[in-house]
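Numbering (our numbering), first residue to last: 214 to 947.
Each remark here refers to the structure printed beneath this line.
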Amino acid sequence: MKFGKRLLPLLLTLSMTASLLPAAALAAEADAGEKHITILGTSDMHGNIWGFSYEDNSETANNGMARLYTYIQQTRSENPNTILIDAGDDIQGTIMTDDLYNKTPEEPHPVITAMNYMGYDAMTLGNHEFNWGIPTMQTILGQAEFPVLAANVTDAAGELVTGAGWTIVEKDGVKVAIIGVVTPDVPIWDGGKEGIDGATFEAANVAVCKAIDEIGDQADVIVVSAHMGMYAEFDEEGGSDSAQKILDDNPEIDVLQVAHNHVVVNETQGTTVIGGVRNGGRDIARFDLTLDADNNIVDATVEVVDMTDVAPSQEIRDIPLVAEGHQKTIDYINGGGSGEDGEGGVALGSTTAKFQPENEISGIPAGRVMDTAVMDLINKIQLENSGADVSAAALFKDTSDLPAGDINYGNIFDIYKFDNTLYRVAVTGAELKAYMEWSAECYNQWKEGDINISFDPEYPDYLYDMFAGVEYEIDLSQPKGARIKNVMFQGAPLQDDQTLTLAVNNYRYSSALKAQNLISGTKDWESSNSIRDMIVAYFAEHSPVAPEVDNNWKIVGVDLSEDDPRRAELISYINDGLLDPPYASSYNLADYDALVAEAQANAATQSYNISVDGVKVGNAFAWTMSYETGSITYYRLRDIAYAVKGTGAAFDIGWDNGVTITVGGSYDDEPIVMGNMPPAVTETTLTVQVNGQAVEIPAAIVSPGHYCVTAEGLSTLLGFTVTQNDAAIDIATK
């Protein structure tokens, strides 16, 4: 299981005899009988099979189970001794899962159908598998053709809720034990749902220890698939919800898969390789183990592979139930489930204008630095439904917005993606202020010279609540815990001993207010329907709905130098993609010269993403000619030819008495290494021979001999629709 246990005698022997053996003999001995096992780990796929954002009605470019399967198949072709495991949170998270299939658990489920097709060897429960109660979870996961693991969860009768806590998979004579554990914090979020209060959620480290004892010498490799982060979420003292505690107490673990937090984890502790991925099928964790003839591990590596450049598998999309579920969801969104048959494209309501302001700085969400109509609408609906004095809600996604015009179910899902219910609870003024301070910890402290507000990357978006029913200020010149100022309730300063009622969703009530000991009271009312249903009902009754902002809160204690032209210059660089968005750390005017130099260097090597029929294929160098009335962007032809080879937009380019292009041809030259482009640029009209026909287009020639064309020029050359979209060019061949 571990290097030390089995290899120490061997390593000592080798070290003593190495000088006596020829190097070639040693190499042959090392290679003899070696075995290579690859373990691929997914998690937190949250129902994203297709690689599609239903709330935006658009394909995604970097996620989805279909992309994962492309990579899985490629890996299996390279190494047939590949094991595929998942660490949970898969049957929840999209309109397809939450609003359609999870409400009919006895029917075939597209996520489990896809996982069966993908050939999973095991899956661990995630906390979101419990969102509909244990019987529903058991019914849906009962469709799995692979073991579902939860070694630390037993029902009221003392039986494992999935029937298994561990399994053994054999590849090339190597027996790999996989132990699955879920965060024991499930009752914090889903207590009261069927079967959960009667279940026992054991500390993960304890359950893994018991499982290892049960496995004994049946396995050569121990893998733990843990639906939790490395560090404790609630139980900081005991570590019952900490993957680090699992490893500390069970050092014989060879591979540790972590999940739940939606962050990349890629590290090695001792000889244990540890990996975790983001959500939605964005990454896959790859563990490669090399074993000797006696099945001792002699090498182990971990890599987290981003799916950005991976094409989605059409095999997965063509699974009948997946294709049916995808279209059914789109129809449901268009109809909002409001017609007699739930289809028909009937709008749920309408707005008079969009609800979110534009971001001043790219990557710095306006909806988190100022009061907005989106948050005021959600809080207004919560106040009306609960009858509470004060309401709190979060902007779950930085880009959440309501467009102008007709509103469908996808738009509602976009601003409120979780199936939360609403609670009302009595709080004191002091407790409310403590809750507000907890929320304001998401910000970084402002420093003199900072030109923007930034955010602590350790605090996910969904942890930041905004409040209605009170007026308040957030002083970012102050450290965490001392930021909430001038809280006013009904025109008077809120007193610490004053009692009022708070409307808050069930998740925040359990995971923050109670788990963090922010309040002492208990809920005195719970809604029978979800907050999302309340928003749907509001639009049905009040459309058209106009965006309204009461500006009841603001950020103070900062001077962003808004009148300083240097700030405007830096912001223009950020918005043009020449500087990274300062999300996790503010840009400061003290660093002005260095930032300008960085932007200018980036301008010389700026590249634009290229996609063909919605699939990203590469990038092209871009040279922008600026004028008083605007700018024209030119793309290097050879970059485009290299990026699109093998696609429907492929073309070859040559220089036979001028520039020649063969549409459909194969470009075989190596890519141009990005470097500083010379400043000598000549704009001209270029004549190109396209399949033997002369075509004239506007072009830029960058010395020495880099031919660059506009998106429109490329469209003329290839005969396809080519559009420029921010830092991307999209080619449509269909």
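The beta-carbon is built from N, C-alpha and C at its ideal position, and this holds for glycine as well.
By the DSSP assignment, the beta strand (DSSP E) with residue i in it spans what residues?
i, result
"A797", "From DSSP, A797 is part of no beta strand (DSSP E); its letter is neither H nor E."
"T514", "I510 to D519"
"M336", "A335 to T337"
"I594", "Looking at the DSSP string, I594 is not in any beta strand (DSSP E); the run it does join, the alpha helix (DSSP H), is A586 to S599."
"Q482", "V478 to Q482"
"D943", "A941 to A945"
"Q457", "Where Q457 is concerned, there is no enclosing beta strand (DSSP E), although the alpha helix (DSSP H) it sits in stretches over A456 to D462."
Grab the span of the alpha helix (DSSP H) containing residue i for me, first residue to last.
i, result
"T860", "Taken as a continuous stretch (DSSP letters only), T860 belongs to no alpha helix (DSSP H), as it is neither H nor E."
"Y648", "G642 to A653"
"Y751", "I744 to H755"
"Y880", "Segment: none, Y880 is in no alpha helix (DSSP H) and carries neither H nor E."
"Q527", "Q527 to R530"
"V324", "P323 to M331"
"L534", "P533 to G548"
"F864", "Per DSSP, F864 belongs to no alpha helix (DSSP H); it is in the beta strand (DSSP E), F864 to W868."
"I625", "Y622 to I628"
"Y786", "P778 to N788"
"K316", "Per DSSP, K316 belongs to no alpha helix (DSSP H) and is neither H nor E."
"T929", "A924 to L931"
Quick one: using the 10 Å Cβ neighbour count with 16 as the cut-off for buried, is residue i buried or exposed?
i, result
"G859", "exposed"
"A814", "exposed"
"H755", "exposed"
"S613", "buried"
"Q470", "buried"
"Q305", "buried"
"D806", "exposed"
"D385", "exposed"
"A907", "exposed"
"K947", "exposed"
"A205", "Limits of the chain in this structure are 214 at one end and 947 at the other, which puts residue 205 out of reach."
"I944", "buried"
"N592", "buried"
"S723", "buried"
"E427", "exposed"
"E909", "exposed"
"G932", "exposed"
"N270", "exposed"
Nearest-angstrom Cα distance between residue i and residue j?
i, j, result
"V610", "N633", "The question names Val, but residue 610 is Lys in the sequence shown. Those two C-alpha atoms are separated by around 15 Å."
"D312", "N598", "22 Å"
"P293", "S733", "56 Å"
"D710", "A643", "7 Å"
"A812", "N508", "53 Å"
"A192", "L731", "Outside the modelled stretch of the chain, which goes from 214 to 947, sits residue 192, for which no answer is possible."
"L608", "D512", "45 Å"
"V535", "D589", "37 Å"
"D737", "L802", "51 Å"
"H259", "N479", "21 Å"
"A681", "T251", "52 Å"
"M309", "H539", "7 Å"
"E782", "S667", "18 Å"
"T273", "I546", "17 Å"
"T413", "L362", "15 Å"
"E571", "G694", "30 Å"
"E268", "F568", "16 Å"
"E761", "P578", "18 Å"
"V436", "E573", "47 Å"
"D669", "S798", "8 Å"
"F702", "D602", "9 Å"
"V395", "F447", "14 Å"
"Y920", "A617", "42 Å"
"L502", "R491", "23 Å"
"H475", "I497", "12 Å"
"Y444", "A863", "48 Å"
I think residue i touches residue j, with their Cβ atoms under 8 Å apart; what is that distance to the nearest whole Å?
i, j, result
"G346", "G408", "5 Å"
"I620", "A560", "6 Å"
"L645", "L715", "7 Å"
"G393", "A335", "7 Å"
"T923", "T846", "7 Å"
"D467", "V434", "5 Å"
Quick check: is the beta carbon of residue i nearer than 8 Å to any beta carbon in chain D?
i, result
"I401", "Of the protein chains in this structure there is only one, and it is not chain D."
What are the uninterrupted segments assigned as beta strand (DSSP E) that are 3 or more residues long and contained completely in the stretch 354-421, given in chain order?
379-384 and 387-395
3-residue-minimum beta strand (DSSP E) runs that sit fully inside the stretch 286-313, ordered along the chain
295-299
Mind listing, in chain order, the continuous beta strand (DSSP E) runs of no fewer than 3 residues lying wholly within the stretch 654-718?
678-681, 684-688, 697-702 and 712-718
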